[in-house]
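Residue numbers (the working numbering): 1094 to 1390.
C-beta atoms are modelled at their ideal positions from N, C-alpha and C, and glycine is treated no differently.
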Amino acid sequence: MISGPIEATITPTNHDLGDFEVRRALPSKKRRMVGPFIFVDEFGPAHLPPGGGMDVRPHPHINLATVTWLFDGAINHRDSLGTASTIRPGTVNLMTAGSGIVHSERSPDDERKGGARMFGMQTWLALPDGREEIAPAFEAIDNLPEIEDGGARAIVIMGELWGSRAETTTYADTIYAEIVLAPNGQLPIDSQADERALMVVEGEATVDGIEMPKYTLIVLKPGDVPALKSEKGARVMLMGGESFASERHVFWNFVSSNRDRIQQAKDDWSAGKFPKVPGDEEEWIPLPEKPKTVTYP
C-alpha cells in the first residue's frame, strides 16, 4: 500500500545482457516520466570475465539528452560530433541529441584485461517544447558540488540542490544527485521540484521510515520533505524536475513530442542518413522491428 510521502513505486524490468544485468525503471506503465527523466536504467554491479566488456555499437538519438553516471568502471564514448571521451566515476557525461546524433559505448582496453567493472546509471532527459531540435552537443563535467552533513554526502550532478548548483547544462528545470549515507546517516529531501523520485542502488534505506526496495523507483509526493535514512549505509539516486505539459513518445532510441518526427528518424537511420561516428564506423545497430522501448499511446 502506498502511504506517507510516496506517490508511486515502480519495479524495474530486468534485462539480462549475459555478463551483467540492466534494470529499467522508466518508461513504465505506471509512469512515463519523472520531471524531464523519460528513461532510467541502472546496471551492475558486475565484474565481467577477463576480456569481457561493454560493446554498444553506434546507434542514433533525437530530441533528448543522455546522462551517464558511473559508480565503478569506465566507458569509452564516441559520437558523430567527433567526441572521444572516457567516462569514469565522478564525471557526468551529458550528450545532447537534439536534431540527431550517433554514438557508441565500449569498455576501454585496459578495463577488459582484468575483466571490466560495470556499475552505474544511464538516464535520458526529454528536451522541452521548442528545444527538441537544438544542435547536438556534448559535455563532460567533473567539477561537481559536494554537500556533506554528518553521516550524509551528496554529489549534485545536475540542477540545484541543498543550496548548490552543478555546472552541467539543463534544458528544463532538472535535479539529479547521488547521495551516500553512512551508517545511521540521514538527509532531508527538501527540493520543491514538481516531480521527484529516489532509487536505492546499494545498501538499505528508508524514506520517512518506509523501506525502499533496492532498484525500485520511489516517486515522492509533491511538496513533501521526507527524511532519507539508513541504518547500515546506502547509495541513493535522487532525480526529477519540472513536469512536462505535452506528451512525449518513445520508439527505440528516439524520443519526441511528434510521432511523425520519430518515423522520419526511423526512415533516416534505415537509409543511412545519420552522421557516422569517427573511429567507430564499421559497425552499427540496425533499426529493430520490435524494440523493447515503445510508449506510443
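What are the boundary residues of the alpha helix (DSSP H) that residue i is part of?
i	result
residue 1204	1202-1206
residue 1357	1352-1363
Just grab the DSSP bridge partners of residue i for me.
i	result
residue 1253	1258
residue 1215	1134, 1161
residue 1148	1199
residue 1224	Answer by DSSP bridge pairing: none, since residue 1224 is not bridged.
residue 1188	1159, 1231
residue 1292	1310, 1330
residue 1113	DSSP, once it has assigned bridges, lists no residue as partnering residue 1113.
residue 1193	None, per the DSSP bridge assignment.
residue 1153	1195
residue 1107	1116
residue 1248	1239, 1271
residue 1304	1299
Going by C-alpha to C-alpha distance, which of the options sits closest to residue i?
i	options	result
residue 1133	1367, 1299, 1364, 1293	1293
residue 1157	1370, 1369, 1355	1355
residue 1218	1365, 1167, 1350	1350
residue 1117	1147, 1308, 1327, 1239	1308
residue 1295	1254, 1257, 1273, 1242	1273
residue 1253	1125, 1183, 1332, 1179	1332
residue 1179	1283, 1109, 1235	1235
residue 1171	1340, 1316, 1233	1233
residue 1264	1303, 1168, 1227, 1127	1227
residue 1247	1318, 1187, 1330, 1186	1330
residue 1339	1173, 1221, 1167	1221
residue 1275	1325, 1120, 1189	1325
What distance in whole Å lies between the Cβ atoms of residue j and residue i, which are believed to be in contact at a cut-off of 8 Å?
i	j	result
residue 1035	residue 1362	The chain is shown from 1094 up to 1390; residue 1035 falls before or after that span and cannot be answered.
residue 1291	residue 1259	Their Cβ separation, rounded to whole angstroms, is 18 Å, which puts residue 1291 and residue 1259 out of contact at 8 Å.
residue 1298	residue 1321	6 Å
residue 1393	residue 1301	Within the shown structure, residues of the chain are numbered from 1094 to 1390, placing residue 1393 beyond reach of any answer.
residue 1271	residue 1328	7 Å
residue 1155	residue 1193	5 Å
residue 1344	residue 1359	7 Å
residue 1312	residue 1103	7 Å
residue 1229	residue 1373	With a Cβ gap of about 16 Å, residue 1229 and residue 1373 do not count as contacting.
residue 1107	residue 1114	6 Å
residue 1210	residue 1140	5 Å
residue 1278	residue 1244	3 Å
residue 1128	residue 1334	3 Å
residue 1187	residue 1267	Not a contact, Cβ separation roughly 10 Å.
Along the chain, where does the beta strand (DSSP E) containing residue i start, and where does it finish?
i	result
residue 1344	1342-1344
residue 1283	Element bounds for residue 1283: n/a, residue is neither H nor E.
residue 1267	1267-1274
residue 1178	1177-1180
residue 1328	1327-1334
residue 1100	1099-1103
residue 1242	1239-1242
residue 1322	1320-1323
residue 1171	1168-1172
residue 1349	1347-1349
Three CB pairs or more closer than 8 Å across the segment 1214-1222 and the segment 1154-1166: The answer is yes - the segment 1154-1166 touches the segment 1214-1222, with three or more Cβ pairs under 8 Å.
Segment contact, 8 Å Cβ cut-off, at least three pairs: the segment 1186-1204 with the segment 1139-1147: Output reads yes: the segment 1139-1147 touches the segment 1186-1204.
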